[in-house]
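Asker:
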Amino acid sequence: MTLKPRFLLLTAALILVASAAAWLAFERIAAGIIEQWGVRLAETQVRYDTARLLQPLDREIALSRQLADSQVIRRWALNPTDKELETEALAEMESFRRNFQDRSYFVALLDSGAYYHNNAADEFSGQQLRYYLKPDKPADSWFYQIVAQGRDFHLNVNPDEELKVTKLWIDVLIRDGDRILGVAGTGLELDRFIRDIVRVKQPGITTLFADHNGAIQLYRDPRYIDFASIVKREGEKNTVFRMVDTEADRQHLQQAMLELARAPAVAADEGSRVISRFVKVEGREYLAGIAYLPEIDWYEITLLDLDVLMPVKSFASVLVIFAITLLAALALFNLVLNRLVLDPVSALETAMLRVRDGDLTPLELPRGKGEIGRLIGHFSNMAEAVRSHTRELEHRVAERTEALHRLASIDPLTGLHNRRGLNERLEAEISRALREQHTFGLIWIDIDLFKEINDYLGHAMGDEALAAVGRLLTASIRPYDCAARWGGDEFLVLLSPCDLDTLSSLSERIRSGVERSIELPGDNGLTVSIGACLAYPGDSLETILHRADQALYKAKAEGRNRLCVSGQHAVIN
Numbered sequence: 001m002t003l004k005p006r007f008l009l010l011t012a013a014l015i016l017v018a019s020a021a022a023w024l025a026f027e028r029i030a031a032g033i034i035e036q037w038g039v040r041l042a043e044t045q046v047r048y049d050t051a052r053l054l055q056p057l058d059r060e061i062a063l064s065r066q067l068a069d070s071q072v073i074r075r076w077a078l079n080p081t082d083k084e085l086e087t088e089a090l091a092e093m094e095s096f097r098r099n100f101q102d103r104s105y106f107v108a109l110l111d112s113g114a115y116y117h118n119n120a121a122d123e124f125s126g127q128q129l130r131y132y133l134k135p136d137k138p139a140d141s142w143f144y145q146i147v148a149q150g151r152d153f154h155l156n157v158n159p160d161e162e163l164k165v166t167k168l169w170i171d172v173l174i175r176d177g178d179r180i181l182g183v184a185g186t187g188l189e190l191d192r193f194i195r196d197i198v199r200v201k202q203p204g205i206t207t208l209f210a211d212h213n214g215a216i217q218l219y220r221d222p223r224y225i226d227f228a229s230i231v232k233r234e235g236e237k238n239t240v241f242r243m244v245d246t247e248a249d250r251q252h253l254q255q256a257m258l259e260l261a262r263a264p265a266v267a268a269d270e271g272s273r274v275i276s277r278f279v280k281v282e283g284r285e286y287l288a289g290i291a292y293l294p295e296i297d298w299y300e301i302t303l304l305d306l307d308v309l310m311p312v313k314s315f316a317s318v319l320v321i322f323a324i325t326l327l328a329a330l331a332l333f334n335l336v337l338n339r340l341v342l343d344p345v346s347a348l349e350t351a352m353l354r355v356r357d358g359d360l361t362p363l364e365l366p367r368g369k370g371e372i373g374r375l376i377g378h379f380s381n382m383a384e385a386v387r388s389h390t391r392e393l394e395h396r397v398a399e400r401t402e403a404l405h406r407l408a409s410i411d412p413l414t415g416l417h418n419r420r421g422l423n424e425r426l427e428a429e430i431s432r433a434l435r436e437q438h439t440f441g442l443i444w445i446d447i448d449l450f451k452e453i454n455d456y457l458g459h460a461m462g463d464e465a466l467a468a469v470g471r472l473l474t475a476s477i478r479p480y481d482c483a484a485r486w487g488g489d490e491f492l493v494l495l496s497p498c499d500l501d502t503l504s505s506l507s508e509r510i511r512s513g514v515e516r517s518i519e520l521p522g523d524n525g526l527t528v529s530i531g532a533c534l535a536y537p538g539d540s541l542e543t544i545l546h547r548a549d550q551a552l553y554k555a556k557a558e559g560r561n562r563l564c565v566s567g568q569h570a571v572i573n
């Protein structure tokens with residue numbers, strides 16, 4: 001083990017031993033204070049959230065009860081086919097609509113199943129009868145469940161498939177004595193209600209509301225809400241009991257809710273009774289404050305994350321003062337030793353390892369003093385000399401490699417690619433054509449009567465003819481095309497990208513250019529025969545060369561100074 005980790009371990013041991021004893025004692029005291037304060041905070045928060053929920057609901061519930069108890073509505077519900085009573089009832093509904101917070105209402109009649117509704121935009125004026133409820137339709141089962149339970153008042157969160165809305169619905173039974181005539185009420189927009197009541201930006205505080213069965217009715221994340229709870233069986237509901245991690249916590253919640261339902265308030269002037277329990281949700285411990293709201297038969301559960309609301313570190317000012325003195329002395333000693341000895345030595349070691357591993361990029365080293373400073377200076381000079389020699393060697397190797405590559409892929413007589421160089425280009429172009437799904441062209445050129453030129457005019461003139469053809473090819477093709485001497489008196493030209501028209505025009509340009517511009521001694525002109533073809537995605541090198549060779553063979557079969565493009569019927573003279 002080196003000097004630096006040994007010293008760091010010794011420093012850490014001193015800090016840990018000195019602070020552990022003080023922290024353990026302090027943590028015990030702080031935990032007790034936090035728990036007591038958290039219970040009081042939970043009670044306050046629960047009562048605050050309860051008031052915020054009931055304040056907008058109380059008025060809407062009272063108006064819904066008045067609508068259900070209206071004599072006009074009751075008379076019409078007893079005689080729903082009476083048009084005069086229906087007109088009076090619709091006028092009564094519209095008068096209530098203007099008083100509801102959501103400016104909407106609904107009235108559903110049991111005997112006929114008729115469902116009446118209008119919204120804030122008065123969208124259904126004159127057409128308040130929206131649809132008919134059916135007992136065998138799952139989407140309408142909420143209505144028949146409310147009637148079957150016989151509860152005068154009910155709150156539920158449910159999407160209405162016919163109206164295309166999801167709301168917190170206030171349902172009140174319309175009665176004539178013991179006879180149930182239907183259900184009336186209003187709805188509150190769920191998203192706005194969640195935003196205003198439960199989705200409040202309070203770090204460490206999570207509020208939710210559940211019905212008498214524990215099914216979640218309001219929560220900041222709508223995915224956890226148990227929609228249409230009234231029509232679900234117990235095992236299908238998304239309850240608050242599923243949120244907690246352990247069976248013991250689930251039992252504690254159930255016991256607390258049962259206890260609150262039996263005795264919801266301690267005294268009339270003390271407000272709702274609150275029971276607090278510690279529970280685990282998703283691996284974190286929360287203090288849960290639970291209250292029962294008998295007005296709506298719901299429970300409010302507020303989860304407090306005490307680590308966020310009241311972290312122990314916020315009470316640690318005394319411990320901090322104690323630790324600062326010790327830490328300051330140790331830190332100062334550590335800083336001086338690191339600055340004068342450990343950091344320069346560590347940086348020098350890192351630089352030496354980089355040079356050993358072949359990384360010669362310059363590394364700025366700290367300026368040491370005394371023997372360490374001189375050692376760093378000697379190493380820097382040595383590393384710079386190694387870098388200089390390495391750069392010079394790499395430059396020479398690159399020059400030699402480039403020269404060898406040119407010798408291997410360039411024809412010395414014409415300056416064009418040789419067979420090997422063009423083969424590399426062709427393989428790359430075949431892969432690119434397949435990848436990008438495009439065509440390219442290949443031109444195969446053969447000098448006419450080249451053997452006679454060598455025999456009668458000499459090999460020097462033959463070489464000059466080859467060089468002249470090479471220069472003309474370079475001048476005739478596009479900058480990004482590639483020309484090569486394939487061997488002897490044959491040349492190949494790669495055109496990419498290329499279509500049939502481009503292939504034909506460039507091939508003819510080469511043929512006519514040779515005919516017009518290259519002359520031999522004795523007023524003899526030089527001509528070439530050309531075969532050309534298009535290469536398609538998926539063609540192999542052998543297939544492309546065979547196609548071009550066949551076109552060249554056809555051109556030569558028709559005589560000399562001919563052009564044949566594979567796929568065209570005519571041979572150009």
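Per UniProt numbering, the sequence shown starts with residue 1, numbered consecutively.
For glycine and all other residues, C-beta sits at the position ideal for the given N, C-alpha and C.
#1: What residues are listed by DSSP as bridge partners for THR543?
#2: In the DSSP assignment, find the unbroken beta strand (DSSP E) run with LYS237 in it and report its ends.
#3: Here's a check: name, in chain order, each residue in its chain whose Cβ is nearer than 7 Å to the Cβ of LEU434, leaving out the five neighbours to either side.
#4: Would DSSP call ASN381 helix, strand or coil?
#5: Give the DSSP-derived three-state secondary structure of GLU189 in the structure shown.
#6: I need the straight-line Cα distance from ARG179 to LEU293, nearest angstrom please.
#7: Among MET93, GLN149, ASP82, which one has its Cα closest to the Cα of VAL107?
#8: By the DSSP assignment, the alpha helix (DSSP H) with TYR144 in it spans what residues?
#9: Going by beta carbon distance, what residues of the same chain come within less than 7 Å of GLN437, once the five residues before and after it are set aside?
#10: In whole angstroms, what is the alpha-carbon distance linking ALA268 and VAL17?
#11: With DSSP as the reference, label ALA12 as helix, strand or coil.
#12: Tell me which residues share the same chain as ASP176 and place their Cβ nearer than 8 Å to its Cβ, disregarding the 5 neighbours each side in the sequence.
#13: Just verifying my parser: in three-state terms, what is the DSSP assignment at ALA267?
#14: Please look up how many angstroms separate the CB atoms of ALA42 and LEU208, rounded, as I've assumed it's under 8 Å.
#15: State the Cα-Cα distance for the pair PRO135 and ARG220, rounded to the nearest angstrom.
#16: ARG277 and ALA291 - do their beta-carbons sit closer together than 8 Å?
#17: Is ALA121 helix, strand or coil when you go by DSSP?
#18: Give the secondary structure of LEU534 by DSSP, where H, G and I count as helix, E and B as strand, and everything else as coil.
#19: From VAL266 to ARG242, what distance separates their C-alpha atoms?
#20: Where does VAL198 sit, in a helix, a strand or coil, going by DSSP?
#21: Would you identify the three-state DSSP class for ALA570, choosing helix, strand or coil?
#22: Straight-line CA distance for TRP37 to GLN149?
#23: Which stretch, first to last residue, makes up the beta strand (DSSP E) that contains ARG560?
#24: Using 8 Å for Cβ pairs, my map puts ARG509 next to SER476. What's the rounded Cβ distance?
#25: Between the C-alpha atoms of HIS569 and ALA555, what's the straight-line distance to the nearest angstrom?
Answerer: According to the structure shown:
#1: Answer is none; THR543 lacks a bridge partner.
#2: Here LYS237 belongs to no beta strand (DSSP E), and DSSP marks it neither H nor E.
#3: Once the five neighbours on either side are set aside, the close Cβ partners of LEU434 are PRO537, GLY538.
#4: helix
#5: strand
#6: 28 Å
#7: MET93
#8: 141–149
#9: Same-chain partners within the cutoff: PRO537.
#10: With a pLDDT of 41 at ALA268, under the threshold of 50, the modelled position of this residue cannot be trusted, and the question is left open.
#11: helix
#12: ARG74, ALA77, LEU78
#13: With a pLDDT of 42 at ALA267, under the threshold of 50, the modelled position of that residue is not reliable, and no figure is offered here.
#14: Actually they are not in contact, since the Cβ atoms of ALA42 and LEU208 sit about 14 Å apart, beyond 8 Å.
#15: 33 Å
#16: no
#17: coil
#18: strand
#19: Note that VAL266 scores 48 on pLDDT, short of 50, meaning its location in the model is unreliable and no value can be drawn from it.
#20: In the three-state reduction of the DSSP assignment, VAL198 falls in the coil class, being assigned neither a helical nor a strand state.
#21: Confidence at ALA570 is low in this model, with a pLDDT of 46, below 50, so its placement is unreliable and the value that follows should be read with caution. Note: ALA570 maps to coil in three-state DSSP.
#22: 42 Å
#23: ARG560 -> no beta strand (DSSP E), and no H or E assigned at all.
#24: 5 Å
#25: Note that HIS569 scores a pLDDT of 46, beneath 50, so its modelled location is shaky; the value from the coordinates is reported in the next line. Whole-angstrom Cα-Cα distance: 11 Å.
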